[in-house]
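**Student:** In this note's numbering, the protein residues as written are 3 to 210.
Using N, Cα and C, we set each Cβ at its ideal position, and we do this for glycine too.
These figures come from a predicted structure and were not determined experimentally.
1. Considering only C-alpha positions, which residue in the set 108, 130 and 103 is nearest to residue 118?
2. Measuring only the C-alpha atoms, how far is residue 210 from residue 10?
3. Just checking, does the stretch 177–194 make contact with the stretch 145–160 on the three C-beta pairs under 8 Å criterion?
4. Based on DSSP bridge pairs, tell me the residues matched to residue 158.
5. I'd like to confirm the pairing. Which residues does DSSP put opposite residue 206 in its beta bridges?
6. How far does the beta strand (DSSP E) with residue 88 in it reach, from first residue to last?
7. Look at residue 166 and residue 190 and say whether their C-beta atoms are less than 8 Å apart.
8. On the DSSP bridge list, what partners appear for residue 148?
9. Could you check what DSSP says for residue 194 in three-state terms: helix, strand or coil?
10. With burial defined as no fewer than 16 other Cβ atoms inside 10 Å of the residue's Cβ, what is the status of residue 136: buried or exposed?
11. Closer than 6 Å by C-beta to residue 51: which residues in its own chain qualify, once you throw out the five before and the five after it? Chain order, please.
12. Inspect the beta-carbon positions of residue 31 and residue 76 and report whether they are closer than 8 Å.
13. Using alpha carbons as the reference points, say which of 25, 174 and 66 lies closest to residue 15.
14. Taking just the CA atoms, how far does residue 33 sit from residue 163?
15. Between which residues of its own chain and residue 138 is the CB-CB distance below 6 Å, once the five residues before and five after are set aside?
16. Since residue 153 sits in a beta bridge, which residues does DSSP pair it with?
17. Buried or exposed: which applies to residue 47, given that a residue is buried once 16 or more other Cβ atoms fall within 10 Å of its Cβ?
18. Which ranges would you report for the beta strand (DSSP E) in the stretch 111–147 if only whole runs of at least 3 residues count?
19. What whole-angstrom Cβ distance do residue 73 and residue 124 have, given they're in contact under 8 Å?
20. Would you grab the beta carbon distance between residue 7 and residue 172 for me? Rounded to a whole angstrom, and I think it's under 8 Å.
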């Protein structure tokens, strides 16, 4: 599904990512790699295979779009260092010379040495007119694209059927990406009449 903002064409992907055509950027928010290991430390048995699925999906999108850079809008890794990060680190290195950029999120708390990867750049935000990329939504003179919220909306049908679906949300001054990770939650958002919302359902992006 293509969505145009300020003359720029954004492909809204059912994998819950955005491909910015004009700049060749693949934009991904809130993967939360390592979350399975975090839960295992608490005695909850969750397999790391769920994160392998995330990496496989990114690999698929890279092969499809051949981006110039992959931009993570924060919360790439969920918690303290564990084996999940080492797996991801080896994968990133294997993709060189493709460049990756991580805009730090509130869960990205690894020691700075962990991010020492030649083709991974770290920053607090990114300005690429007409957009300003951040993890947490921020005020900006540019149009802000952010993550953090894990946006979703509730839909109602006949017979009191109710469904909550992840979504891309675009307001007047900012937009939100859904959480990319397969092992993440979501939060229902309130909508204004002028908002534009695209839900992900059955591997399809649908404007509502």
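**Tutor:** Per the coordinate set shown:
1. To locate residue 118, count along the chain shown from 1; it is residue 116. For residue 118, the closest of 108, 130 and 103 by C-alpha to C-alpha distance is 103.
2. Against the chain shown, residue 210 aligns to sequence position 208. Against the chain shown, residue 10 aligns to sequence position 8. As the crow flies, the alpha-carbon of residue 210 is around 21 Å from that of residue 10.
3. Touching, yes.
4. Translated into the one-based positions of the chain shown, residue 158 becomes position 156. Partner residues in the beta bridge of residue 158, as assigned by DSSP, are 164.
5. The residue you call residue 206 lines up with position 204 of the chain shown. Bridge partners of residue 206: 203.
6. Walking along the chain shown from the start, residue 88 turns up at place 86. Taken as a continuous stretch (DSSP letters only), residue 88 belongs to no beta strand (DSSP E), being part of the alpha helix (DSSP H) at 85–96.
7. Within the chain shown, residue 166 is the residue found at index 164, counting from 1. Within the chain shown, residue 190 is the residue found at index 188, counting from 1. Yes. Within cutoff.
8. Position 146 of the chain shown, counting from 1, holds the residue named residue 148. Residue 148 pairs with 178.
9. Here residue 194 corresponds to residue number 192 of the chain shown, with the count starting at 1. Here residue 194 sits in coil by DSSP.
10. Residue 136 sits at position 134 when you count from the first residue of the chain shown. So residue 136 counts as buried.
11. Counting from one through the chain shown, the residue named residue 51 turns up at place 49. Its pLDDT being 49, under 50, residue 51 is placed unreliably in this model, and the coordinates cannot settle the point.
12. Along the chain shown, read from residue 1 onward, the residue named residue 31 stands at position 29. Along the chain shown, read from residue 1 onward, the residue named residue 76 stands at position 74. Taking 8 Å as the cut-off, the Cβ atoms of residue 31 and residue 76 count as close.
13. Walking along the chain shown from the start, residue 15 turns up at place 13. Considering only alpha carbons, the answer is 66.
14. Here residue 163 corresponds to residue number 161 of the chain shown, with the count starting at 1. Here residue 33 corresponds to residue number 31 of the chain shown, with the count starting at 1. Between residue 163 and residue 33, the alpha-carbon positions lie close to 29 Å from each other.
15. As a first step, residue 138 is located in the chain shown; it is residue number 136 there, counting from the start. Closer than 6 Å at Cβ, skipping near neighbours: 150.
16. Here residue 153 corresponds to residue number 151 of the chain shown, with the count starting at 1. Residue pairing by DSSP places residue 153 opposite 189 in a beta bridge.
17. Here residue 47 refers to the residue found at position 45 of the chain shown. Confidence is the limiting factor: at residue 47 the pLDDT is only 44, short of 50, which leaves the residue's position unreliable, though a coordinate-based value still follows. Residue 47 is exposed by the Cβ-count criterion.
18. Within the stretch 111–147, the complete beta strand (DSSP E) segments of 3 residues or longer fall at 122–125, 128–130 and 133–135, listed in chain order.
19. The residue given as residue 73 occupies position 71 in the chain shown. The residue given as residue 124 occupies position 122 in the chain shown. With 8 Å as the limit, residue 73 and residue 124 do not qualify as a contact, their Cβ atoms being about 12 Å apart.
20. Looking up residue 7 in the chain shown gives position 5. Looking up residue 172 in the chain shown gives position 170. Right, the Cβ-Cβ distance comes to about 7 Å (below 8 Å), so this counts as a contact.
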